[in-house]
Amino acid sequence: SEQAKPKPLMPIPTNEQLKIIALRAAIPMIGFGFMDNLVMITAGDAIDSTFGVALGISTLTAAGFGQCCSDVAGNLTGGVVDGAVSKLRLPKHGLNQEQLDLKISRIYSTLGACVGVVTGCLLGMSCLMFMDTDKKERAKKAAELKSIFHSIMSDGKDLFHAERATLFMLDKEKDELWSQVATGTKGIITLKSYCGIVGACVESGEVVNVPDAYKDNRFNPDVDTKTGFHTKSVLAIPIKNDEGEVIGAVQMCNKKNDDGSDGVFGACEEQLGRLMAS
4 SEQAKPKPLM PIPTNEQLKI IALRAAIPMI GFGFMDNLVM ITAGDAIDST
54 FGVALGISTL TAAGFGQCCS DVAGNLTGGV VDGAVSKLRL PKHGLNQEQL
104 DLKISRIYST LGACVGVVTG CLLGMSCLMF MDTDKKERAK KAAELKSIFH
154 SIMSDGKDLF HAERATLFML DKEKDELWSQ VATGTKGIIT LKSYCGIVGA
204 CVESGEVVNV PDAYKDNRFN PDVDTKTGFH TKSVLAIPIK NDEGEVIGAV
254 QMCNKKNDDG SDGVFGACEE QLGRLMAS
């Protein structure tokens with residue numbers, strides 16, 4: 004009987020061919036990783052800045068919704084990434100399917116894909132450099148303190164006969180004071196914790212009463228310049244927690260007398276401020 008011919012040995016891929024396998028696996032995953040992280044971060048940030056602030060949902064929940072958007076975008080753009088990669092003149096390994104199924108080939112393909120997706124994700128995170136990642140946190144805190152702002156706006160202004168009432172909160176990590184201005188201005192104002200009369204109040208932990216702001220060296224006129232408001236008299240009262248640490252300050256501006264003329268804050272308003280801030 005005719006003897007069976009021995010099956011020829013399959014050539015093992017060379018190191019150069021294995022590198023090409025890894026490269027061809029990595030390039031598409033760079034695109035997928037980039038799209039995945041870019042969409043997740045931008046969508047999650049948009050959701051956190053809008054619905055997160057309005058509805059009080061956590062940042063982690065917003066990130067979950069952002070991932071959902073990223074998954075949908077991945078399904079919609081997967082063909083685009085594959086099409087773009089197919090137009091690249093990537094080197095060819097010249098291996099058949101049996102050689103590609105070898106363990107060493109699969110290892111290089113997996114490693115290439117892992118390196119590619121990590122690289123793409125890191126590139127997708129580059130959008131963080133252009134985002135104010137703390138803005139939404141300040142907005143959330145402002146929403147949580149909305150009831151306090153309303154109290155200062157309504158009761159504080161009437162009790163102190165002041166034109167403007169502002170609540171500043173201290174951010175120790177960033178060494179900043181930030182505030183959603185209660186009256187007369189929209190948006191959030193941020194300044195260094197040592198800046199202005201309110202900064203002097205926070206640093207000293209004591210009530211600061213200034214009859215004429217523009218004659219006081221501690222006064223910072225930048226806010227007036229931005230808002231068009233003209234500050235005259237100022238009363239700043241520190242807010243302390245149960246441990247006695249200063250966590251913010253209430254600032255009243257421009258005391259008005261009963262006849263509508265300009266006045267100054269007195270000892271009575273100082274004591275009333277301490278009671279309000281306690």
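Numbered per this note's numbering, the sequence shown finishes at 281, counting up by one with no gaps. Quick reminder that beta carbons are idealized off the backbone N, C-alpha and C, glycines included.
Shortest alpha-carbon distance to residue i belongs to which of the options?
i, options, result
"ILE30", "PRO16, VAL83, GLY115 and THR62", "GLY115"
"ARG141", "VAL56, TYR111 and GLY119", "VAL56"
"SER264", "LYS95, GLY59, PRO16 and HIS164", "HIS164"
"LEU126", "ASN40, ILE110, CYS204 and ARG27", "ASN40"
"ASN18", "ILE110, LEU170 and ASP227", "ILE110"
"LEU275", "VAL249, LYS160 and ILE192", "LYS160"
"LYS95", "ASP215, ALA25 and ASP135", "ALA25"
"ALA168", "ASN257, ASP219, GLY266 and GLN100", "ASN257"
"GLU246", "PHE268, GLY208, VAL237 and VAL213", "GLY208"
"GLY69", "THR80, GLY47, ASP85 and GLY97", "GLY47"
"ILE15", "LEU105, ILE44, THR230 and MET32", "LEU105"
"GLY77", "LEU93, GLY36, LEU63 and PHE222", "GLY36"
"PRO214", "SER236, SER61 and ARG92", "SER236"
"PRO241", "PHE133, CYS130, ASP135 and LEU278", "LEU278"
"ASP137", "VAL42, GLU176 and ALA270", "GLU176"
"GLN100", "LEU180, VAL120, SER61 and MET13", "MET13"
"GLY119", "MET32, ARG92 and GLN102", "MET32"
"LEU98", "PHE171, ALA66, ILE23 and HIS233", "ILE23"
"ARG27", "MET38, LYS90, LEU58 and SER129", "LYS90"
"VAL226", "ILE250, ASN220 and GLY199", "GLY199"
"VAL42", "CYS124, ASN244, ASN212 and ASP219", "CYS124"
"GLU179", "LYS195, LEU170 and PHE171", "LYS195"
"THR234", "LYS243, LYS218, ASN244 and GLU248", "LYS218"
"LYS243", "VAL205, GLY82, PHE54 and VAL84", "VAL205"
"ASN212", "ALA66, THR122 and GLY266", "GLY266"
"PHE133", "ALA66, THR45 and ARG92", "THR45"
Three-state secondary structure (DSSP) at residue i?
i, result
"LYS195", "strand"
"LEU105", "coil"
"ASP265", "strand"
"MET134", "coil"
"LEU275", "helix"
"LYS218", "helix"
"ARG92", "coil"
"LEU98", "coil"
"GLU5", "Confidence is the limiting factor: at GLU5 the pLDDT is only 48, short of 50, which leaves the residue's position unreliable, though a coordinate-based value still follows. In the structure shown, GLU5 sits in coil (DSSP, three-state: anything other than H, G, I, E or B)."
Around the Cβ of residue i, are there at least 16 other Cβ atoms within 10 angstroms (buried) or fewer (exposed)?
i, result
"ALA87", "exposed"
"ILE107", "exposed"
"SER272", "Position check: residue 272 holds Glu in this sequence, whereas Ser was assumed. The residue in question, GLU272, is buried, as its Cβ has 16 or more Cβ neighbours within 10 Å."
"GLN254", "buried"
"CYS71", "exposed"
"ILE50", "buried"
"ALA252", "buried"
"ALA203", "buried"
"PHE268", "buried"
"GLN20", "buried"
"GLU166", "buried"
"ALA239", "buried"
"THR228", "exposed"
"THR113", "exposed"
"ASN260", "exposed"
"SER61", "exposed"
"MET38", "buried"
"MET172", "buried"
Name the one or two DSSP bridge partners that residue i has.
i, result
"PHE171", "ALA252"
"LEU180", "LEU173 and LEU194"
"ASN212", "LEU238"
"ALA285", "Outside the displayed range of the chain (4 to 281) lies residue 285, so it cannot be described from this structure."
Practice prompt. Kindly provide the ranges of any beta strand (DSSP E) runs that are 3 or more residues long and lie completely inside the region 229-259, ordered along the chain.
Written response: 237-243 and 249-258
Worksheet entry | Inside the region 13-78 only - alpha helix (DSSP H) runs reaching at least 4 residues | 18-58
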